[in-house]
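Undergrad:
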Amino acid sequence: MGSIIAILLFSLSLITCLLLKFSVVYALIVGYIIFITYGLIKKHNLIVLIKKSFEGVLTVKNILLVFILIGMITALWRVSGTIAFIVYMGSKLISPSILILLTFLLCAILSVLIGTSLGTAATMGVICASIGKAMGVNPYYIGGAVLSGIYFGDRCSPMSTSALLIAELTKTNLYTNIKLMIKTSIIPFVVTCLFYLFLGFKSTVSNINVDVTEIFKQNYNLNIIVIIPAILIIVLSLLKINVKKTMLISIIISFIIAMFIQKDGISSLINYCIFGYYHSNEKLNLMMKGGGILSMVNVSLIVGISSSYSGIFKETKMLVSLKKYLKEFSKRTSNYLIIFISAMVSGAIACNQSLGTILTNELCGELVEKQEMAIILENTVILLVGLIPWNIAMGVPLKTIGVGFLSGIYAFYLYSLPLWNLFLGVMEEKNKNDDTKPENSLV
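Following full-length UniProt numbering, the numbering of the sequence shown begins with 1 at its first residue and continues without gaps.
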């Protein structure tokens with residue numbers, strides 16, 4: 001009972017912060033105190049609990065490094081003219097009516113290649129959002145399409161850390177999982193494409209404003225060389241180069257291009273890398289301002305603090321009693337439904353995809369066999385976390401491309417796939433139960 005009270009108190013602190021519009025970091029700090037206190041009540045040593053919490057933080061050190069790279073690449077692509085060139089050329093080739101669909105497809109393709117939702121949002125997502133802003137497309141439509149696209153590949157790419165994590169947690173084969181993921185995503189993918197096509201044609205948009213193209217021409221040297229950082233992302237991904245190395249190479253090339261093509265000084269470029277890109281031209285600033293390492297501080301705190309929970313949970317075994325309740329409840333309802341609900345709750349509590357996945361597997365891993373569990377995790381928690389505003393899975397991509405949380409309404413793939421497979425899963429369980437029920441004998 002104590003573990004349930006602790007989680008309810010933490011949930012209350014999250015809700016309070018959201019209602020008062022405070023940073024979720026405050027709720028996470030309160031949560032840390034609550035879970036440490038729970039451990040002390042259960043007679044665990046304070047030093048051990050703190051040590052275990054730091055071990056939890058160390059599990060996400062690679063994600064924290066990626067945040068630094070995202071901050072730098074989003075600033076340097078702006079200052080080097082990479083984004084300006086692609087927006088300038090893309091506006092001449094892309095019809096506004098298909099931009100939303102194209103955003104989804106381009107983000108989906110790149111996320112499959114590089115296997116990271118955050119890296120895709122920082123590159124292709126920023127480009128598509130910039131083109132959309134220039135064309136006057138509703139930013140929430142673009143934001144929703146970006147979220148849908150980046151999690152298409154984050155879910156089923158062989159390079160995806162989430163796919164590798166689930167294969168490791170469930171002791172299943174990665175490529176068998178990918179085949180099943182593709183099979184279970186066909187109908188939601190097609191329906192999502194049709195949805196974005198419809199959204200594009202019904203939207204009131206216009207071709208890119210002439211003033212916008214003039215602003216780019218006046219403030220950037222739009223030499224074709226400036227597109228190299230973006231091309232490198234695609235080429236190096238095809239060569240299966242590690243995503244961190246790929247981003248670092250693109251950052252270095254962007255830095256060099258900004259120096260020699262855009263004629264920016266080294267001190268200015270370092271300043272942009274840290275604080276983000278900005279320009280004295282107000283109109284250009286509206287289009288291009290953003291990026292920088294400091295823009296990632298808040299989300300880094302969210303990941304760091306929430307990841308510390310995993311060590312505390314493991315040490316105190318506070319999820320054991322919850323597992324018993326879920327197992328009993330699943331017998332009266334549906335295994336799939338219980339895992340689905342647990343995925344949403346875990347994603348909301350964990351505030352990041354990795355910990356949400358670990359918690360869901362820890363709570364529900366015994367309800368179904370391992371192969372089925374792997375696919376249910378891929379079809380629930382991996383996507384559903386992208387719809388939770390305080391989870392970094394939603395917060396970071398949207399902050400990176402500069403749009404609000406209402407974009408989640410249009411992230412059609414993120415809820416169509418889980419709901420479609422929930423329907424199929426519950427119906428399949430119902431049919432199995434009907435088949436195994438003994439026939440009523442005549443008296």
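Note that the Cβ used here is the ideal one computed from N, Cα and C, for glycine as well.
Taking only the alpha-carbon atoms, compute the straight-line gap between residue 446 and Ile241 and give it to the nearest angstrom.
TA: Residue 446 lies beyond the residue range present for the chain, which begins at 1 and ends at 443; the question has no answer from this structure.
Undergrad: Under 8 angstroms between the Cβ atoms of Ile142 and Ile100?
TA: Stepping through the sequence shown from its first residue, residue 142 is reached at position 142. Stepping through the sequence shown from its first residue, residue 100 is reached at position 100. Yes, the Cβ-Cβ distance between Ile142 and Ile100 is below 8 angstroms.
Undergrad: Buried or exposed: where does Lys61 fall if 16 or more other Cβ atoms within 10 Å of its Cβ makes it buried?
TA: Against the sequence shown, residue 61 aligns to sequence position 61. Classification for Lys61: exposed.
Undergrad: Determine the closest residue to Ile182 out of Ile375, Val30, Tyr88, Ile382, with distance taken between C-alpha atoms.
TA: Residue mapping note: residue 182 aligns to position 182 of the sequence shown, counting from 1. Measuring from the Cα of Ile182, the nearest candidate turns out to be Ile375.
Undergrad: Return the chain-ordered list of same chain residues with a C-beta closer than 7 angstroms to the C-beta of Gly90, the five sequence neighbours on each side being excluded.
TA: Stepping through the sequence shown from its first residue, residue 90 is reached at position 90. Within the same chain, Gly90 has close Cβ partners Ile131.
Undergrad: So, Ser308 versus Gly56, is the Cβ gap smaller than 8 angstroms?
TA: In the sequence shown, residue 308 corresponds to position 308, counting from 1. In the sequence shown, residue 56 corresponds to position 56, counting from 1. Yes; because the gap between Cβ atoms is below 8 angstroms, this pair is in contact.
Undergrad: With a Cβ-Cβ cutoff of 8 angstroms, do Ala122 and Gly276 count as a contact?
TA: Position 122 of the sequence shown, counting from 1, holds the residue named residue 122. Position 276 of the sequence shown, counting from 1, holds the residue named residue 276. Going by C-beta atoms, Ala122 is not nearer than 8 angstroms to Gly276.
Undergrad: Taking the C-alpha atoms as reference points, what is the distance between Ile86 and Ser267?
TA: Against the sequence shown, residue 86 aligns to sequence position 86. Against the sequence shown, residue 267 aligns to sequence position 267. Between Ile86 and Ser267, the C-alpha separation is close to 26 angstroms.
Undergrad: What are the residues that DSSP puts in a beta bridge with Tyr277?
TA: Residue 277 sits at position 277 when you count from the first residue of the sequence shown. BP columns for Tyr277 point to Gly290.
Undergrad: At which residues does the alpha helix (DSSP H) containing Asp264 begin and terminate?
TA: On the sequence shown, position 264 is the one that residue 264 refers to. Unbroken run through Asp264: none, as it is neither H nor E.
Undergrad: Helix, strand or coil for Ala230? Go by DSSP, reduced to three states.
TA: Translated into the one-based positions of the sequence shown, residue 230 becomes position 230. If DSSP states are grouped into helix, strand and coil, Ala230 belongs with the helices.
Undergrad: Measuring only from the beta carbon, is Asn335 closer than 7 angstroms to any heavy atom that is part of the ligand FMN?
TA: Looking for the ligand FMN in the displayed structure turns up nothing, as the structure carries no ligands at all.
Undergrad: Determine the burial state of Tyr151: buried for a count of at least 16 other Cβ atoms within 10 Å of its Cβ, exposed for fewer.
TA: Mapped onto the sequence shown, residue 151 falls at position 151. So Tyr151 ends up on the buried side.
Undergrad: Give the DSSP-derived three-state secondary structure of Phe22 in the structure shown.
TA: Position 22 of the sequence shown, counting from 1, holds the residue named residue 22. Note: Phe22 maps to coil in three-state DSSP.
Undergrad: Apart from the five residues just before and just after Thr59, which ones in its own chain have a Cβ nearer than 8 angstroms to its Cβ?
TA: As a working mapping, residue 59 is identified with position 59 in the sequence shown. Once the five neighbours on either side are set aside, the close Cβ partners of Thr59 are Ser307, Ser310, Ser354.
Undergrad: Tell me the rounded alpha-carbon separation between Val443 and Lys331.
TA: Start at 1 with the first residue of the sequence shown, and residue 443 comes out as number 443. Start at 1 with the first residue of the sequence shown, and residue 331 comes out as number 331. Its pLDDT being 36, under 50, Val443 is placed unreliably in this model, and the coordinates cannot settle the point.
Undergrad: Would you report the Cα separation of Glu315 and Lys52, rounded to the nearest angstrom?
TA: Translated into positions along the sequence shown, residue 315 becomes position 315. Translated into positions along the sequence shown, residue 52 becomes position 52. So the two alpha carbons sit approximately 7 angstroms from each other.
Undergrad: Closer than 7 angstroms by C-beta to Val381: which residues in its own chain qualify, once you throw out the five before and the five after it? Chain order, please.
TA: Residue mapping note: residue 381 aligns to position 381 of the sequence shown, counting from 1. Only Ala343, Ser346, Gly347, Gly356, Thr357, Thr360 meet the Cβ criterion.
Undergrad: Excluding the five sequence neighbours on either side, which residues of its own chain have a C-beta within less than 7 angstroms of the C-beta of Ser416, listed in chain order?
TA: Counting from one through the sequence shown, the residue named residue 416 turns up at place 416. Counting only Cβ-Cβ distances below 7 angstroms, and skipping sequence neighbours, we find Pro188, Val191, Thr192.
Undergrad: Taking only the alpha-carbon atoms, compute the straight-line gap between Lys317 and Leu49 and give it to the nearest angstrom.
TA: Within the sequence shown, residue 317 is the residue found at index 317, counting from 1. Within the sequence shown, residue 49 is the residue found at index 49, counting from 1. Taking the straight line joining both Cα atoms gives about 12 angstroms.
Undergrad: Could you tell me the distance, in whole angstroms, from the CA atom of Cys273 to the CA atom of Ile256?
TA: On the sequence shown, residue 273 is found 273 positions in, with the first residue counted as 1. On the sequence shown, residue 256 is found 256 positions in, with the first residue counted as 1. Between Cys273 and Ile256, the C-alpha separation is close to 13 angstroms.
Undergrad: Hey, quick one: how far does the alpha helix (DSSP H) through Pro389 stretch, first residue to last?
TA: Taking the first residue of the sequence shown as 1, we reach residue 389 at position 389. Looking at the DSSP string, Pro389 is not in any alpha helix (DSSP H), and its letter there is neither H nor E.
Undergrad: Under 6 angstroms Cβ to Cβ from Val396, same chain only, skipping five residues before and after it: list those, please.
TA: One-based indexing of the sequence shown puts residue 396 at position 396. Closer than 6 angstroms at Cβ, skipping near neighbours: Leu118, Val299.
Undergrad: Please state the DSSP three-state secondary structure of Ile94.
TA: Within the sequence shown, residue 94 is the residue found at index 94, counting from 1. Residue state, collapsed to three classes: coil.
Undergrad: For Tyr410 and Ala145, which I take to be in contact (beta-carbon distance under 8 angstroms), what is that distance rounded to the nearest angstrom?
TA: Residue mapping note: residue 410 aligns to position 410 of the sequence shown, counting from 1. Residue mapping note: residue 145 aligns to position 145 of the sequence shown, counting from 1. Contact flag correct, Cβ pair sits at about 7 angstroms.
Undergrad: If we ignore side chains and look at the alpha-carbon of each, how far apart do Ala129 and Phe329 end up?
TA: In the sequence shown, residue 129 corresponds to position 129, counting from 1. In the sequence shown, residue 329 corresponds to position 329, counting from 1. Using only the alpha carbons, I get a separation of about 44 angstroms.
Undergrad: Relative to the C-alpha of Gly425, which candidate in Asn173, Met373, Ser203 has its C-alpha closest?
TA: Taking the first residue of the sequence shown as position 1, residue 425 is located at position 425. Cα-wise, what sits closest to Gly425 is Met373.
Undergrad: In angstroms with no decimal places, state the Cα-to-Cα distance between Met259 and Val126.
TA: For the purposes of this step, residue 259 is taken as residue 259 along the sequence shown, with counting starting at 1. For the purposes of this step, residue 126 is taken as residue 126 along the sequence shown, with counting starting at 1. Those two C-alpha atoms are separated by around 22 angstroms.
Undergrad: Counting only the same chain and skipping the five closest in sequence on each side, list residues whose C-beta sits under 7 angstroms from that of Ala108.
TA: Position 108 of the sequence shown, counting from 1, holds the residue named residue 108. Cβ neighbours of Ala108 beyond the five flanking positions: Gly149, Phe152, Gly153.
Undergrad: Please name the residue in Phe405, Ala393, Leu384 whose C-alpha comes closest to that of Asn421.
TA: Within the sequence shown, residue 421 is the residue found at index 421, counting from 1. Checked all of Phe405, Ala393, Leu384; the closest Cα to Asn421 is Leu384.
Undergrad: Once DSSP output is grouped into helix, strand and coil, what is the label at Ala411?
TA: Here the question's residue 411 lines up with position 411 in the sequence shown. Looking at Ala411 - three-state DSSP - the assignment turns out to be coil, as it is neither helix nor strand.
Undergrad: Give me the residue from Ile83, Lys179, Ala134 with the minimum Cα distance to Ala230.
TA: As a working note, residue 230 is residue 230 in the sequence shown. Residue Ile83 is the option with its Cα nearest to Ala230.
Undergrad: Buried or exposed: Met296, going by 16 or more other Cβ atoms within 10 Å of its Cβ?
TA: The residue you call residue 296 lines up with position 296 of the sequence shown. The residue is buried, with at least 16 neighbouring Cβ atoms inside 10 Å.
Undergrad: Going by C-alpha distance, which of Glu366, Pro418, Thr400, Gly402 is nearest Leu387?
TA: If you number the sequence shown from 1, residue 387 lands on position 387. The residue with the shortest Cα to Cα distance from Leu387 is Pro418.
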